[in-house]
Amino acid sequence: METVTVFGAWRTMLPFVVLIVLYFFWKKRASYAVALAISTGLGELIVLILKNLIQRTRPNITDVLITANDFSFPSGHSFVAVSFYGLMAYFFFRLSKTKLQKTVSVILGILVILAIGFSRIYLGAHWPTDVLGSYIIGGILISVVIAILGKKKLKLFDTRCRTDK
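In the UniProt record's numbering, the protein residues as written are 1 to 165.
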């Protein structure tokens, strides 16, 4: 479970986020790059603000498998999982050509998100409500980002947009 939880850690994810953002710019998918940067960056900021506002203590379990020094709500790992893997699943869904690819992208995204959340509870780092709250707030965040993408409001960042208008 400790291996699973690492894939939701901000420090682990940051290099991947940077590389994927750069890749999207290189592939002329600037709106995806900006959306991913906003989703993950804003997600981490939301977690920091909420943790310090709510200041919920972590579970007091004697056999805790990992130690964490900050507050419990919301689960940063679970939030990162939703804001990164959820959005990546959406991108793969959008870019996939077949129904099978679309289905696999959604299922894998959901499984990774659930596995990271479960690992945080299993390791004694969070209450189930910390993880559930992170899923809800993270889901709202990526829903807003996806809605903005859908309305083409990020089109001004897209290198393929027309300049003759």
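Quick reminder that beta carbons are idealized off the backbone N, C-alpha and C, glycines included.
- For the pair A33 and L149, the Cα-to-Cα distance works out to about 11 Å.
- Distance from the CA atom of P74 to the CA atom of V6, rounded to whole angstroms, is 17 Å.
- Counted as a single uninterrupted DSSP element, the stretch harbouring V82 is not any alpha helix (DSSP H), since DSSP gives it neither H nor E.
- Annotated three-state conformation of Q101 is helix, per DSSP.
- Judged by DSSP in its simplified three-state form, S75 adopts coil rather than helix or strand.
- With respect to P59, G124 sits close: the two C-beta atoms are nearer than 7 Å.
- Excluding sequence positions up to five before and after L22, its CB lies within less than 8 Å of the CB of A33, all in the same chain and listed in chain order.
- As for any alpha helix (DSSP H) of minimum length 4 sitting wholly inside the stretch 9-44, the runs are 10-26, ordered along the chain.
- Counting the other CB atoms within 10 Å of its CB gives A147 a total below 16, which places it among the exposed residues.
- Below 8 Å, too few C-beta pairs join the stretch 30-48 and the stretch 102-119 to call them touching: fewer than three.
- Taking the C-beta atoms as reference points, G133 is found no nearer than 7 Å to V82.
- Under the DSSP assignment, T57 falls outside any alpha helix (DSSP H); it carries neither an H nor an E label.
- Using a 10 angstroms sphere on the CB of V80, the tally of other CB atoms reaches 16 or more, which defines it as buried.
- A Cβ-Cβ distance of about 7 Å is found for the pair L36 and F24, placing them in contact under the 8 Å criterion.
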